[in-house]
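Peer 1: One structure is given below, represented as structure tokens, and several questions about it will come after.
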């Protein structure tokens with residue numbers, strides 16, 4: 008008779024994976040253990056399956072560990088694109104949209120639209136945005152945009168009989 012296979016009840020493998028990825032201590036521990044196994048002579052290509060990453064990533068961990076110690080195993084800060092508007096400018100934009108009318112700023116409309124906001128930002132903050140990006144900023148600020156509907160006046164019945 009075969010031995011029963013050990014299983015984990017109550018958690019999926021994805022949930023467990025999220026647990027160690029969400030806590031930096033576990034992530035560093037796992038990387039440090041991979042470095043330890045390389046120091047024992049295990050090839051990085053053999054370890055890539057065990058650590059669910061590429062052999063190149065494992066060699067990167069080893070090189071970073073050699074040069075910076077355990078600190079080198081931490082994730083680097085994200086290099087993403089820096090926002091062109093500061094948090095204060097974004098708050099000013101949100102206050103503008105929620106509390107002011109475009110007519111207060113000499114626009115010939117009572118509704119803030121993407122192109123008008125782009126123009127206002129360009130004039131006040133000297134930052135250029137494309138139409139699509141302004142809607143992403145509004146969403147980030149917790150605001151939504153509404154698409155306009157055409158409104159056509161139908162003739163009244165009295166006028167059509169005349």
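Residue numbers (the working numbering): 8 to 169. C-beta: ideal position from N, C-alpha, C; glycine also.
Determine whether the beta carbon atoms of residue 69 and residue 35 lie at a separation below 8 angstroms.
Peer 2: At least 8 angstroms separates the beta-carbon of residue 69 from that of residue 35.
Peer 1: Could you give the residue range of the alpha helix (DSSP H) that holds residue 41?
Peer 2: Element bounds for residue 41: 31-46.
Peer 1: At 4 residues or longer, and completely inside the segment 43-104: list those alpha helix (DSSP H) runs for me, N to C.
Peer 2: Within the segment 43-104, the complete alpha helix (DSSP H) runs of at least 4 residues are 51-58, 62-75.
Peer 1: At a cut of 8 angstroms, does the segment 94-106 reach the segment 120-130 through at least three beta carbon pairs?
Peer 2: yes
Peer 1: May I ask which residues mark the beginning and end of the alpha helix (DSSP H) holding residue 149?
Peer 2: Looking at the DSSP string, residue 149 is not in any alpha helix (DSSP H), and its letter there is neither H nor E.
Peer 1: Starting from the C-beta of residue 61, find all residues in its chain whose C-beta is less than 8 angstroms away, skip the five residues before and the five after it, and write them out in chain order.
Peer 2: The beta carbon of residue 61 lies closer than 8 angstroms to those of 55 in the same chain, with the five residues before and after it left out.
Peer 1: Reducing DSSP to helix, strand and coil, say where residue 136 ends up.
Peer 2: coil
Peer 1: Which same chain residues end up closer than 6 angstroms to residue 33 when comparing Cβ atoms and leaving out the 5 residues on each side of it in sequence?
Peer 2: 27
Peer 1: Since I believe residue 65 is in contact with residue 84 (beta carbons under 8 angstroms), could you give me their beta-carbon distance rounded to a whole number of angstroms?
Peer 2: The beta-carbon distance between residue 84 and residue 65, rounded to whole angstroms, is 22 angstroms. This is too long to meet the 8 angstroms contact definition.
Peer 1: Evaluate residue 90 with the Cβ neighbour count: other Cβ atoms within 10 Å of its Cβ, from every protein chain shown; 16 or more gives buried, anything less gives exposed.
Peer 2: Taking all protein chains in view, the Cβ of residue 90 is surrounded by fewer than 16 other Cβ atoms within 10 Å, so the residue is classified as exposed.
Peer 1: Taking the alpha-carbon of residue 148 as reference, which of 130, 131, 96, 113 has the nearest alpha-carbon?
Peer 2: Of 130, 131, 96, 113, the residue nearest in Cα terms is 96.
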